[in-house]
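Since the structure comes first, as structure tokens, the remarks are kept for the end.
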Amino acid sequence: MAADYRTPDRLLPTAADEPTAPPGPPPKPVLSAPAVPAATHDGLRFWQYMLAGSVAGVVEHTAMFPVDTLKTHMQASAPPCRPALSLGAALRNAVAGEGGALALYRGLPAMALGAGPAHAVYFSVYEFAKSALTDRLGPNNPAAHASSGVLATIASDAVFTPMDTVKQRLQLTSSPYTGVGHCIRTVLRDEGLGAFFVSYRTTVVMNAPYTAVHFATYEAAKRMLGDMAADEESLAVHATAGAAAGALAAAVTTPLDVVKTQLQCQGVCGCERFSSSSIGDVFRTIIKRDGYSGLMRGWKPRMLFHAPAAAICWSTYEASKSFFERFNEERRK
């Protein structure tokens, strides 16, 4: 059976496995033991969680980036004379301009610059929080998993939000920015540093319930699938549980994602500019302009993004953890 990543003390030997002392004189007492690197949780160290999370985030967002571009096109605000785009219309609109199909990857460098560090923070904070909370609340506790996810997203969103703003502005058709550097310089000059964080509050309010639903669903689905599967830690189990968690969490939080996108893209390519970054004010503006259906704009590509993206992310993350575990065991030999 594969290693169980959910048991923090799985590396401790059992009484039967402990080596017996050879016969002879007792060993001399030592005044101090040599320092050993402290294992943080599940036998992995802090930097290993960060690197595993960073790799998972970049792989996830790169693989699903075209779908994310379509979501941005559908969610970005448009004047009343321009109707909301369907998924097919968003695809045609995205590839009709300069660059063709490559236009679906506009903003990819900004995503890579933000996703790597943000996911490193995300997973390392999650693992440490889960370790601390499960010690208090017990193993397999949904509240511990959900709370750990919320703490992780608050920290990671502070890292990712500026580059997410750049990414979404570059994704728009006829974007006035030529690249990441040009976008950053222009926004700093015309709108100030605060423009990069105008959606941070909305992002946290969106991602806190998203992450709570995501992690609680993922851990529950992983346990259920693990009971059914021969290998409870197989990549298939992680991918299936991650897909289910991503799809459910994405559907629940779509209205807040619409608010986030419109705040980040305001004033660009004809998108409406809001007088306030208040979530309530933006909600009321969208409902008045587009009706309640406007709050669910882009839910199809959002679910199409998050279900496979979560499957890719979790399977990559768990595979990276498995690699580092084997690496650590080899070094201990």
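Taking UniProt numbering, the leading residue of the sequence shown gets 1, the next gets one more, and so forth. Positions of the beta carbon are idealized from the N, C-alpha and C atoms, including for glycine. Because the structure is a prediction, the values reported are computed rather than measured.
First through last residue of the alpha helix (DSSP H) which encompasses residue i
| i | result |
| --- | --- |
| residue 259 | 254–265 |
| residue 101 | Taken as a continuous stretch (DSSP letters only), residue 101 belongs to no alpha helix (DSSP H), as it is neither H nor E. |
| residue 284 | 279–290 |
| residue 136 | 108–137 |
| residue 324 | 299–332 |
When the options are compared against residue i, the one with the closest alpha-carbon
| i | options | result |
| --- | --- | --- |
| residue 255 | 86, 295, 169 | 295 |
| residue 280 | 271, 263, 267 | 263 |
| residue 72 | 59, 60, 93 | 93 |
| residue 314 | 237, 189, 91, 268 | 237 |
| residue 119 | 137, 142, 152, 252 | 152 |
| residue 126 | 192, 115, 155 | 155 |
| residue 89 | 100, 103, 74 | 74 |
| residue 336 | 275, 330, 246, 251 | With the chain running from 1 to 333 in the structure shown, residue 336 is simply not present. |
| residue 58 | 261, 282, 285, 309 | 309 |
| residue 316 | 289, 306, 207, 235 | 235 |
| residue 110 | 142, 160, 102, 103 | 160 |
| residue 157 | 208, 289, 332, 142 | 208 |
| residue 194 | 150, 224, 182, 276 | 276 |
| residue 311 | 288, 248, 138 | 248 |
| residue 222 | 116, 282, 140, 292 | 140 |
| residue 267 | 191, 288, 47, 103 | 191 |
| residue 204 | 228, 322, 150 | 150 |
| residue 46 | 108, 104, 121 | 121 |
| residue 212 | 100, 142, 102 | 142 |
Whole-angstrom C-beta distance between residue j and residue i, which should lie under 8 angstroms
| i | j | result |
| --- | --- | --- |
| residue 298 | residue 258 | 7 angstroms |
| residue 269 | residue 186 | With 8 angstroms as the limit, residue 269 and residue 186 do not qualify as a contact, their Cβ atoms being about 14 angstroms apart. |
| residue 113 | residue 91 | Wrong, their Cβ atoms sit about 26 angstroms apart, outside the cutoff. |
| residue 265 | residue 76 | 5 angstroms |
| residue 285 | residue 168 | Between residue 168 and residue 285 the Cβ distance is about 18 angstroms, and since that is not below 8 angstroms, they are no contact. |
| residue 134 | residue 206 | Wrong, their Cβ atoms sit about 26 angstroms apart, outside the cutoff. |
| residue 171 | residue 106 | 6 angstroms |
| residue 123 | residue 49 | 6 angstroms |
| residue 325 | residue 44 | 7 angstroms |
| residue 182 | residue 250 | Not a contact, Cβ separation roughly 31 angstroms. |
Residue i at chain C interface by Cβ criterion, 8 angstroms
| i | result |
| --- | --- |
| residue 310 | Of the protein chains in the structure, only one exists, and it is not chain C. |
Quiz item: Which ranges would you report for the alpha helix (DSSP H) in the stretch 166–229 if only whole runs of at least 4 residues count?
Solution: 180–190, 200–228
Quiz item: Is there contact here, the stretch 238–256 with the stretch 177–195, by at least three beta-carbon pairs under 8 angstroms?
Solution: no
Quiz item: Is the stretch 293–302 touching the stretch 47–64 in the sense that three or more CB pairs, one from each, lie closer than 8 angstroms?
Solution: no
Exercise. Examine the Cβ distances between the stretch 196–207 and the stretch 130–139 and report whether three or more of them are shorter than 8 angstroms.
Key: no
Exercise. Examine the Cβ distances between the stretch 154–165 and the stretch 61–74 and report whether three or more of them are shorter than 8 angstroms.
Key: no
Exercise. Tell me the start and end of each unbroken alpha helix (DSSP H) in the stretch 38–73 that is at least 4 residues and wholly inside, in chain order.
Key: 46–63
Quiz item: Can at least three beta-carbon pairs, one atom from the stretch 135–146 and one from the stretch 211–223, be found at a separation below 8 angstroms?
Solution: yes
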